[in-house]
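Asks:
Number of protein chains: 2
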Amino acid sequence: MSGRGRLPSGQPTIADVARHAGVAVSTVSYVLSGKRAISELTRNRVLASVRLLGYHPNAGARALASRRANVIALVLPLRSGIQVPVVMQFATAVVTAARRHDHDVLLLTSDEGPQGLHRIAAGALVDGVLVMDVELHDVRVPLLRELGRPSVLIGLPADTAGLTCVDLDFHRAGQVCVDHLAGLGHRRIALLGAPAAVYDRGTGFAHRTRAGVVEAAARHGVEAVTLPCEENAAQVHSRVVELFARQPELSGLVVQNEAAVGPVQAALAALGRRVPDDVSVVAVCPDQFAEHASPRLTSVPVPAEEIGRQAVSLLMRKVHDEPTPQVTLLEPRLTVRDSTAAATGAPAAYDGRAAAR
Amino acid sequence: MSGRGRLPSGQPTIADVARHAGVAVSTVSYVLSGKRAISELTRNRVLASVRLLGYHPNAGARALASRRANVIALVLPLRSGIQVPVVMQFATAVVTAARRHDHDVLLLTSDEGPQGLHRIAAGALVDGVLVMDVELHDVRVPLLRELGRPSVLIGLPADTAGLTCVDLDFHRAGQVCVDHLAGLGHRRIALLGAPAAVYDRGTGFAHRTRAGVVEAAARHGVEAVTLPCEENAAQVHSRVVELFARQPELSGLVVQNEAAVGPVQAALAALGRRVPDDVSVVAVCPDQFAEHASPRLTSVPVPAEEIGRQAVSLLMRKVHDEPTPQVTLLEPRLTVRDSTAAATGAPAAYDGRAAAR
DNA sequence: ACGGTTTGTCGAAGCGCTTCGCCAGCGTCC
DNA sequence: GGACGCTGGCGAAGCGCTTCGACAAACCGT
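Line by line, the protein sequences are chains H and D. Positions in the first sequence are counted from 1; adding 3 to them yields our numbering. Positions in the second sequence are counted from 1; adding 3 to them yields our numbering.
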């Protein structure tokens with residue numbers, strides 16, 4: 004009967020909808036996109052047909068004709084020293100946010116490297132790119148600059164000219180941790196950071212946190228030691244031992260390595276140092292971790308959710324050719340839980356209930 | 004000069020390549036796809052032009068014309084009780100494997116639910132779907148059956164008719180753990196499993212492991228207790244206490260909850276039970292975890308890498324209309340490390356060196 | 001009542017690619 | 001030496017959608 008039937012897959016096409024509703028193909032398109040005024044009557048008829056036939060526009064055809072794939076790429080790191088749960092939170096936040104902008108997410112891993120990015124962008128498979136785990140001197144940065152496709156970085160490279168970046172203000176985060184410990188009267192503190200490899204390859208957040216810690220310590224006249232820290236229990240243990248060897252009076256610890264949080268607590272326990280009675284611990288880690296530890300950890304959470312949302316939102320602005328700020332830094336906030344208390348000599352009320360001394 | 008120039012994006016089209024190489028558009032297409040014989044001479048000329056112009060086929064156009072998107076969807080869970088690092092390993096394995104088949108991966112989260120699947124499949128955005136974290140009576144299973152698009156499940160639903168599923172043989176995994184403990188002479192053992200919520204919603208792997216443990220214990224005439232286990236340190240501690248209250252002579256522990264592994268060790272230490280001297284521990288968890296624990300854990304690793312590869316490979320077969328087995332179960336293998344030793348009374352040589360008693 | 005808008009709809013021209021059918025040239029086989 | 005089959009290449013017809021220009025019809029002010 005009709006010129007074109009349904010697809011072999013059984014999916015109806017826009018032509019089927021148009022025929023069913025008794026209108027032109029273009030009218031259906033305009034109803035669906037809202038790019039031209041359509042009368043209430045026609046719109047309803049079309050929408051009814053769409054629902055009845057179970058029509059879903061063909062993504063390829065749409066992308067071809069409109070030059071918009073409605074897909075963004077998310078480049079995730081998968082190498083050592085990355086904080087898996089945080090990455091996962093990012094990913095889900097990004098997917099959720101993207102869906103709210105009617106986009107899907109294509110998953111790339113860093114190890115495809117620059118040519119992966121190039122392939123995706125050149126093939127018009129995606130409208131924009133979101134890159135995580137950016138290094139200070141990342142090889143992908145120049146590529147992104149010249150790629151001619153919208154991109155947003157999660158993390159800060161050394162030179163942000165011509166880019167759009169979002170991140171937690173890790174410098175402030177380091178400061179905030181030290182401020183908290185110093186405020187409780189701790190005079191000798193330490194930072195147990197990311198694995199050495201992470202510093203070595205110039206990952207921004209690790210360096211920035213360390214700088215924040217050092218700076219705030221100096222400001223408060225507090226002695227601070229900083230050490231990288233691997234993720235296995237034995238290594239963590241020896242790091243902690245090393246720390247107390249260097250500085251026996253250590254009473255405040257900042258831990259920026261979610262995988263090390265548990266082992267650190269175990270190591271302290273093994274050394275007979277109670278938390279928070281003898282040592283106060285502040286972690287930079289996802290809230291979930293801090294909540295599940297025992298005692299519950301005072302922490303500066305990494306707002307993966309929020310960063311992911313912001314990143315998508317910025318990327319969408321770029322896709323639509325709207326201006327965006329070059330750098331967006333989120334303010335860290337510290338949540339006090341049960342792992343920090345006033346330094347020895349001052350009254351401690353560390354579990355929320357007033358402890359009758 | 005020419006009918007069509009480059010795209011506004013600056014990307015050359017197949018027409019540009021054809022013109023540059025002095026051949027027809029279709030010839031370029033055939034060179035690139037290899038679907039028809041092309042002379043050595045022509046092929047080389049075309050390939051040279053492709054490289055010179057930096058040509059990348061437009062994904063949308065290709066998908067439209069060929070009815071192949073060269074993209075697969077990966078549906079990841081993001082709810083409580085999932086084992087984040089394992090999921091991440093799956094994801095990266097899937098991406099890597101997909102790339103080897105010249106496909107990209109679209110990331111979906113479970114919380115978009117069935118209609119997410121429907122949208123993706125109906126819009127022809129993807130050629131096939133990979134679903135993780137399948138429940139015994141998963142709502143998505145009927146949908147997948149009728150979707151008319153290739154799909155592969157990672158995990159086993161109750162009824163696998165008409166599906167393609169891959170998973171570790173968790174039933175065997177449970178058995179293997181018990182076999183190992185029983186072989187070392189342990190007569191009273193326990194399984195600390197996934198969080199209760201995971202059992203409640205009928206997640207296959209948890210039930211299957213438990214069944215395997217129970218069955219093997221019965222076969223060996225060993226007493227076995229099984230308990231679900233949450234992921235926070237305090238809860239784990241009380242579970243462990245509960246276990247020893249029920250069964251003071253407990254000397255073998257199977258732990259299937261990577262987040263609980265650390266806390267379990269801490270709890271045992273706190274109770275004064277040494278591993279492996281007093282209690283042997285076997286974990287079902289990623290190798291990385293087992294290696295990083297202290298003592299290093301005897302474990303049955305979840306071969307995320309391998310499962311991911313298999314899943315992609317099966318999906319590709321389905322995409323190409325080749326037959327696939329309904330269920331593929333991977334054989335578990337147990338790696339002996341430092342957390343298991345012969346039961347008290349038998350000579351222990353738990354760290355590999357003969358321990359002169 | 002008449003030009004001038006505005007509003008709502010249509011038709012058609014692509015978007016860049018794949019694929020089918022066709023054909024020119026050339027070696028092969030009785 | 002003519003029918004035949006290969007090989008290698010060409011041209012054109014779509015794939016399903018968006019978008020542009022055109023154009024009736026309805027509405028406006030005067």
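Note that CB positions come from ideal geometry on N, CA and C, so glycine has one too.
1. Could you tell me the distance, in whole angstroms, from the CA atom of M4(D) to the CA atom of A24(D)?
2. Let's see if you can read the secondary structure: which residues bound the alpha helix (DSSP H) around L67(D)?
3. As a quick exercise: from C168(D), T167(D) and A21(D), pick the residue whose alpha carbon is nearest that of L50(D).
4. Contact criterion: CB-CB distance below 9 Å. Does I17(H) meet it with respect to chain D?
5. DSSP on A263(D), reduced to helix/strand/coil?
6. How would you label G275(H), buried or exposed, when you count the other beta carbons within 10 angstroms and need 16 or more for buried?
7. From A1(H) to H240(H), what distance separates their C-alpha atoms?
8. Which of the residues in the segment 157–174 of chain D, read from start to end, lie with their CB under 7 Å from any CB of chain H?
9. Could you have a look at S113(D) and say whether DSSP puts it in helix, strand or coil?
10. Do you know offhand how far H295(H)'s Cα is from N47(H)'s?
11. With 9 Å set as the bound, which would you pick, yes or no: does the beta-carbon of M91(H) sit closer than that to a beta-carbon of chain D?
12. Run the CB neighbour count on G177(H), radius 10 Å, all protein chains shown included, and call it buried at 16 or more, exposed below.
13. In angstroms, rounded to a whole number, what distance separates the CA positions of N73(H) and G158(D)?
14. What residues in its chain sit with their C-beta under 6 Å from that of A314(H), if we drop five residues either side in the sequence?
15. Report the neighbours of T364(D) on chain H: residues whose CB is nearer than 9 Å to its CB, in chain order.
16. Between which two residues does the beta strand (DSSP E) containing I75(H) stretch?
17. Between which residues of its own chain and E233(H) is the CB-CB distance below 6 Å, once the five residues before and five after are set aside?
18. Would you mind sorting T16(H) into buried or exposed? The rule is 16 or more other CB atoms within 10 Å of its CB.
19. Could you have a look at A286(D) and say whether DSSP puts it in helix, strand or coil?
20. Does the CB of G186(D) have a neighbour CB from chain H at under 9 Å?
21. Can you give me the C-alpha to C-alpha distance between F208(D) and V287(D), rounded to a whole angstrom?
22. With DSSP as the reference, label A161(D) as helix, strand or coil.
23. Buried or exposed for H174(H), please, with buried defined as at least 16 other CB atoms from any protein chain shown within 10 angstroms of its CB.
24. Is the beta carbon of L194(D) less than 9 Å from the beta carbon of L230(D)?
25. Please report the straight-line C-alpha distance between A64(H) and V98(H), rounded to a whole angstrom.
26. Looking at A346(H) and H189(H), is the spacing between their C-beta atoms short of 9 Å?
27. Cα-Cα, which of L147(D), D182(D) and L271(D) is closest to G119(D)?
28. For the segment 123–138 of chain D and the segment 304–319 of chain D, state whether three or more C-beta atom pairs, one from each stretch, are separated by less than 8 Å.
29. Anything in chain H within Cβ reach of E115(D), meaning under 7 Å, just list it in chain order.
30. Helix or strand or just coil, what does DSSP make of R191(H)?
31. Which ranges would you report for the alpha helix (DSSP H) in the segment 272–339 of chain D if only whole runs of at least 4 residues count?
32. Any idea what DSSP makes of A241(D), helix, strand or coil?
33. For the pair the segment 333–342 of chain D and the segment 278–286 of chain D, tell me if three or more CB-CB distances fall below 8 Å.
34. Could you give the uninterrupted runs of the beta strand (DSSP E) lying entirely in the segment 89–142 of chain D, keeping only those of 3 residues or more?
35. How about A66(H): is its C-beta nearer than 9 Å to some C-beta of chain D?
36. Which residues bound the alpha helix (DSSP H) around G255(H)?
Replies: The relevant details are as follows:
1. Translated into positions along the second sequence, residue 4(D) becomes position 1. Translated into positions along the second sequence, residue 24(D) becomes position 21. Its pLDDT being 37, under 50, M4(D) is placed unreliably by the model, and nothing is read from it.
2. Your numbering for residue 67(D) matches position 64 in the second sequence. That run of the alpha helix (DSSP H) goes A62 to S69.
3. The residue labelled residue 50(D) in the question sits at position 47 within the second sequence. The shortest C-alpha separation from L50(D) is found at A21(D).
4. By one-based count along the first sequence, residue 17(H) stands at place 14. No - not a single Cβ of chain D is within 9 Å of the one on I17(H).
5. Within the second sequence, numbered from 1, the residue matching residue 263(D) stands at position 260. Helix.
6. One-based indexing of the first sequence puts residue 275(H) at position 272. G275(H) is exposed by the Cβ-count criterion.
7. Nothing about residue 1(H) can be read from this structure; chain H reaches only from 4 to 360.
8. Within the segment 157–174 of chain D, no residue has a Cβ that lies closer than 7 Å to any Cβ of chain H.
9. The residue you call residue 113(D) lines up with position 110 of the second sequence. In the structure shown, S113(D) sits in a helix (DSSP, three-state: H, G or I).
10. In the first sequence, residue 295(H) corresponds to position 292, counting from 1. In the first sequence, residue 47(H) corresponds to position 44, counting from 1. Distance between the alpha carbons of H295(H) and N47(H) is about 52 Å.
11. Within the first sequence, the letter at position 88 stands for residue 91(H). At least one CB atom of chain D sits nearer than 9 Å to the CB of M91(H).
12. Here residue 177(H) refers to the residue found at position 174 of the first sequence. So G177(H) ends up on the buried side.
13. Position 70 of the first sequence, counted from the first residue, corresponds to residue 73(H). Position 155 of the second sequence, counted from the first residue, corresponds to residue 158(D). It is roughly 30 Å from the alpha-carbon of N73(H) to the alpha-carbon of G158(D).
14. For the purposes of this step, residue 314(H) is identified with residue 311 of the first sequence, where counting begins at 1. So the qualifying residues of the chain are L133, V155, I157 and V169.
15. It is not possible to answer for residue 364(D), since the shown part of chain D is limited to 4 through 360.
16. One-based indexing of the first sequence puts residue 75(H) at position 72. For I75(H), the enclosing beta strand (DSSP E) has its first and last residue at V74 to L79.
17. Working through the first sequence from its first residue, we reach residue 233(H) at position 230. Excluding residues up to 5 positions away in sequence, P198 lie with their Cβ nearer than 6 Å to the Cβ of E233(H) in the same chain.
18. Residue 16(H) sits at position 13 when you count from the first residue of the first sequence. Flag for T16(H) reads buried.
19. Residue numbering aside, residue 286(D) sits at position 283 when the second sequence is read from its first letter. Of the three classes helix, strand and coil, the one that applies to A286(D) here is strand, per DSSP.
20. Taking the first residue of the second sequence as 1, we reach residue 186(D) at position 183. Closer than 9 Å: no.
21. The residue you call residue 208(D) lines up with position 205 of the second sequence. The residue you call residue 287(D) lines up with position 284 of the second sequence. Straight-line Cα distance between these residues: approximately 11 Å.
22. Here residue 161(D) is taken as the residue at index 158 of the second sequence, counted from 1. Three-state DSSP puts A161(D) in coil, outside helix and strand.
23. Position 171 of the first sequence, counted from the first residue, corresponds to residue 174(H). Sixteen is the threshold: when 16 or more other Cβ atoms of the shown chains lie within 10 Å of the Cβ of H174(H), as they do, the residue is buried.
24. By 1-based counting over the second sequence, the position of residue 194(D) is 191. By 1-based counting over the second sequence, the position of residue 230(D) is 227. Contact flag set, yes.
25. Here residue 64(H) corresponds to residue number 61 of the first sequence, with the count starting at 1. Here residue 98(H) corresponds to residue number 95 of the first sequence, with the count starting at 1. Each residue's Cα considered, the two are about 23 Å apart.
26. Stepping through the first sequence from its first residue, residue 189(H) is reached at position 186. Stepping through the first sequence from its first residue, residue 346(H) is reached at position 343. Taking 9 Å as the Cβ cut-off, H189(H) and A346(H) qualify as a contacting pair.
27. The residue labelled residue 119(D) in the question sits at position 116 within the second sequence. Closest option to G119(D), Cα to Cα, is L147(D).
28. Output reads yes: the segment 304–319 of chain D touches the segment 123–138 of chain D.
29. Here residue 115(D) is taken as the residue at index 112 of the second sequence, counted from 1. Listed along the chain, the chain H residues whose CB falls inside 7 Å of the CB of E115(D) are R102.
30. In the first sequence, residue 191(H) corresponds to position 188, counting from 1. In the three-state DSSP reduction, R191(H) falls in the strand class (E or B).
31. If we require 4 residues or more, the alpha helix (DSSP H) runs fully inside the segment 272–339 of chain D come out as 290–295 and 307–322.
32. For this step, residue 241(D) is matched to residue 238 along the second sequence. Looking at the sequence provided, one finds Ser at residue 241(D) rather than Ala. Of the three classes helix, strand and coil, the one that applies to S241(D) here is helix, per DSSP.
33. Contact between the segment 333–342 of chain D and the segment 278–286 of chain D is present: 3 or more CB-CB pairs across the two stretches fall below 8 Å.
34. Listed in chain order, they are 107–112 and 131–134.
35. For this step, residue 66(H) is matched to residue 63 along the first sequence. So yes, A66(H) belongs to the interface.
36. The sequence position of residue 255(H) within the first sequence is 252, counting from 1. Premise fails: G255(H) lies in the beta strand (DSSP E), G255 to V258, not in any alpha helix (DSSP H).
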